[in-house]
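The listed protein sequences correspond, in order, to chains W and Z. End of the first sequence = 309 in this note's numbering, gap-free, step of one. End of the second sequence = 1094 in this note's numbering, gap-free, step of one.
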Amino acid sequence: ALTTDTFNYATYHTLDEIYEFIDQLVTENQHLVSKIQIGNTYEGRPIYVLKFSTGGTDRPAAWIDTGIHSREWVTQASGVWFAKKITTDYEKDPTLKAILEKMDIFLEIVTNPDGFVYTHKTNRMWRKTRSRTQGSLCVGADPNRNWDAGFGLSGASSNPCSDTYHGKSANSEVEVKAIVDFVKTHGKIKAFISIHSYSQLLLYPYGYKSDAVPNKEELDKLAKSAVTALTSLYGTKYKYGSIIDTIYQASGNTIDWTYSQGIKYSFTFELRDTGLRGFLLPASQIIPTAEETWLALLTIIDHASKNLY
Amino acid sequence: TEIFVGHQVLRISAADEAQVQKVKELESLEHLQLDFWRDPVRPGLPIDVRVPFPSVQSVKVFLESHDISYEIMIEDVQSLLDEEQKQMSALRAR
């Protein structure tokens, strides 16, 4: 594509294509978008985050990441669409405009670049990172079991060959550590949304224990509003609730850690599969998926911006 | 490149806790090389599992012998991947 206007959002793209898209978006929108490299992957690829900011320093922020599980291609594709959407809507949509007047938005489109490249070149079903484990022939750890929140408890595997292998230690995966360092250094992230697919869920902490989070009532109400907004577009049905009550026990997951860091509005999505295709969602569903998800994202970030703490 | 010819994705419906446990037993049989897209959690929640071609028969026999109902969610994973690739290649060619 010559510009981000002619980029095809209705198909899946390789890492190189997405990184080119990122550069184009930054070039076209220098007043709003910048690219930050937060680290390098195990195999040495750069890890980029887009920053959307209308100016100012030391501002609160919202974080969105897509594609921590590499095979969930609709998430990276949605991330690309969200990035473009922010640039086209930030002066037109009063809600987004109001958010960006107060807060910055960070968007990590390809959270697990090594895994993503591997899904394109070698194994479309790859989910984990590509790190090596000493003493095992099996490769990678589940980056959504590698965070320092109930690390290694039930809901993750200690077997390096498992798809839910938690890794050698908390933050052992550089892709996770890069976000941890960024979040800690930034210090003012107020909403953190990690996006997966599929099964149509909006989840809040906890995943590693059955206790209710202290803000359960507010998070539940907000999740309900977000799901209502999402469903309003195409009627896609979502369930919401805590991870452990809604799906299963999952220790060491992203949003349990972000919540433990004081980020109250910590959510994770499982995007749509309305056609029994699982991770193999047809590309024709990318834009509808992104469109409906965007409504829910706006609801959450808008709430965070109006209830800064 | 790994190919997935003949791999099927089954959607399993466990009617009660005992059936959920049975599916969990299946999960622990590493030689079957099952890839759970949705894990067995509790009755009523669908369980989706990608079954490599060599394991398809054993898994179906196991489920049927324990009266666990299932449907074939994806008949052949590779054919969907081929479609996906075809579409991406066509786009690049354009």
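Glycine residues also receive a C-beta, built at the ideal position from the N, C-alpha and C atoms.
- Closest by C-alpha distance to Tyr265(W), out of Thr228(W), Tyr12(W), Val213(W), is Val213(W).
- Of the residues Leu1045(Z), Val1051(Z), Ile1072(Z), Arg1094(Z), the one whose Cα lies closest to the Cα of Thr246(W) is Leu1045(Z).
- Here Gly235(W) is exposed, its C-beta having fewer than 16 other C-beta atoms within 10 Å.
- Assignment of Glu1083(Z) by DSSP, reduced to helix, strand and coil, places it in the helix class.
- The criterion of a C-beta distance shorter than 9 Å is not satisfied by Trp63(W) and Ala226(W).
- The beta carbon of Met1073(Z) is closer than 7 Å to those of Val1009, Leu1010, Arg1011, Asp1048 in its chain, skipping five residues each way along the sequence.
- Excluding sequence positions up to five before and after Gln24(W), its CB lies within less than 7 Å of the CB of Thr3, Thr4, all in the same chain and listed in chain order.
- When DSSP states are grouped into helix, strand and coil, His186(W) belongs to the helix group.
- Nearest Cα to Tyr1070(Z) within the set Gln1019(Z), Arg1094(Z), Glu1084(Z), Val1077(Z): Gln1019(Z).
- Taking a contact as a CB-CB distance under 8 Å, the pair Asp163(W) and Tyr208(W) does not count as one, their CB atoms being some 18 Å apart.
- C-alpha of Gly1006(Z) to C-alpha of Thr119(W): approximately 19 Å in a straight line.
- In this structure, DSSP gives Met125(W) a state outside helix and strand, which the three-state scheme calls coil.
- Secondary structure note for Phe1062(Z): its alpha helix (DSSP H) is the uninterrupted segment 1053-1065.
- For Leu1091(Z), the chain W residues whose C-beta falls within less than 7 Å of its own C-beta are Asn8, Thr11, listed in chain order.
- Contact between Ala149(W) and Gly241(W) does not hold, since the beta-carbon distance rounds to 18 Å and is not under 8 Å.
- With a threshold of 16 other beta carbon atoms within 10 Å, Lys121(W) falls short and is exposed.
- Under the DSSP assignment, Phe267(W) falls in the beta strand (DSSP E) whose first and last residues are 265-271.
- Collapsing the DSSP output to three states places Pro46(W) in a strand.
- Using a Cβ distance threshold of 9 Å, Asp220(W) and Tyr204(W) count as a contacting pair.
- It is roughly 14 Å from the alpha-carbon of Phe1036(Z) to the alpha-carbon of His69(W).
- For Leu1081(Z), the C-beta contacts it makes with chain W under 8 Å involve Arg124, Leu280, in order along the chain.
- Within 8 Å of the CB of Ile287(W), no CB atom of chain Z is found; the nearest one sits about 14 Å away.
- At a cut-off of 9 Å, the C-beta of Phe1053(Z) has no neighbouring C-beta in chain W.
- Contact of Gln1087(Z) with chain W by beta-carbon distance below 7 Å involves Thr11, Ala283.
- Between the region 110-118 of chain W and the region 69-79 of chain W, the count of Cβ pairs shorter than 8 Å is three or higher; the stretches touch.
- Note on geometry: alpha-carbon atoms of Ala178(W) and Thr111(W) lie some 10 Å from one another.
- Only Cys161, Asp163 from the region 159-172 of chain W bring a Cβ to less than 8 Å from some Cβ of chain Z.
- Taking the C-beta atoms as reference points, Phe82(W) is found no nearer than 9 Å to Thr228(W).
- For Tyr238(W), there are no neighbours in chain Z by C-beta distance under 8 Å, as the nearest C-beta there is about 15 Å away.
- DSSP places Phe21(W) inside the alpha helix (DSSP H), whose first and last residues are 15-28.
- Residues of the region 1012-1033 of chain Z with a C-beta less than 9 Å from any C-beta of chain W: Glu1030, listed in chain order.
- Boundaries of the beta strand (DSSP E) around Gly241(W): 239-242.
- Met125(W) and Phe279(W) have their C-alpha atoms spaced approximately 8 Å apart.
- Distance from the Cα of Ala141(W) is smallest, within the candidate group Ser154(W), Leu297(W), Asn171(W), for Asn171(W).
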